[in-house]
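Student: The working numbering puts the first residue of the sequence shown at 5, with every later residue one more than the last.
Glycine included, every Cβ here is placed at the ideal spot set by N, Cα and C.
What follows is a single structure, and I will ask about it in a moment.
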Amino acid sequence: MEVFTDAILSGHESEEMLKKLYDRVLERFEEEDIGFARVFCRSSNVFMTSLEIWVKKDFVQLLKAHAIIAGAKGEVDYDNPLYSTGILFPRENLEKFKELLGKRYEITTDKDLADLAAEKGADLLAEIVEAAKGG
5 MEVFTDAILS
15 GHESEEMLKK
25 LYDRVLERFE
35 EEDIGFARVF
45 CRSSNVFMTS
55 LEIWVKKDFV
65 QLLKAHAIIA
75 GAKGEVDYDN
85 PLYSTGILFP
95 RENLEKFKEL
105 LGKRYEITTD
115 KDLADLAAEK
125 GADLLAEIVE
135 AAKGG
């Protein structure tokens with residue numbers, strides 16, 4: 005069963021963090037004698053490779069694997085918003101969008117803004133244009 009998946013983005017800050025996470029997880033899996041498979045998947049985006057880690061469908065091994073991955077995520081600061089920005093938009097653009105939209109929406113990552121744009125469509129564009137005009 006798949007226990008971890010993420011995208012490795014060449015040249016992004018998250019690349020080094022994922023390397024540390026991957027090394028730590030593999031080290032702990034060996035210590036705990038957890039059999040696993042690692043899968044690297046190509047993408048049409050030449051700057052991205054998908055990383056997946058799979059563990060045998062065994063309750064105890066799955067439980068250990070998830071605990072190890074959760075611990076490793078904490079060790080490498082996996083949930084730091086830095087690793088979720090600068091992907092779809094340059095960080096300065098994301099900051100400008102946040103400034104224009106004010107407190108109306110909670111936007112901390114590129115995905116937050118992309119999800120909001122998908123939800124609101126042209127209405128969001130109109131809000132941004134109005135805010136940029138000073139309205």
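For a test of the three-state rule: what should DSSP assign to L98, helix, strand or coil?
Tutor: Here L98 sits in helix by DSSP.
Student: Closest by CA to V59, which one among G75, E36, I12 and M52?
Tutor: V59 has its Cα closest to that of E36, out of G75, E36, I12 and M52.
Student: For T9 and A130, what's the separation of their Cα atoms in angstroms?
Tutor: Distance between the alpha carbons of T9 and A130 is about 36 Å.
Student: On a Cα-Cα basis, can you pick out the residue from I73, L117 and S48 that is closest to K24?
Tutor: The option with the nearest alpha carbon to K24 is I73.
Student: So, L13 versus F51, is the Cβ gap smaller than 8 Å?
Tutor: Taking 8 Å as the Cβ cut-off, L13 and F51 qualify as a contacting pair.
Student: Could you check the C-alpha separation between E134 and K102 for me, to the nearest Å?
Tutor: E134 and K102: Cα-Cα distance of roughly 14 Å.
Student: Select from L22, G138 and Y109 the residue whose C-alpha is nearest the C-alpha of T53.
Tutor: Cα-wise, what sits closest to T53 is L22.
Student: Taking the beta carbon of L98 as the centre, do at least 16 other beta carbons fall within 10 Å, making it buried, or is it exposed?
Tutor: Classification of L98: buried, given that the 10 Å Cβ count is 16 or more.
Student: For L117, is the classification buried or exposed, using 16 other Cβ atoms within 10 angstroms of its Cβ as the cut-off for buried?
Tutor: Buried.
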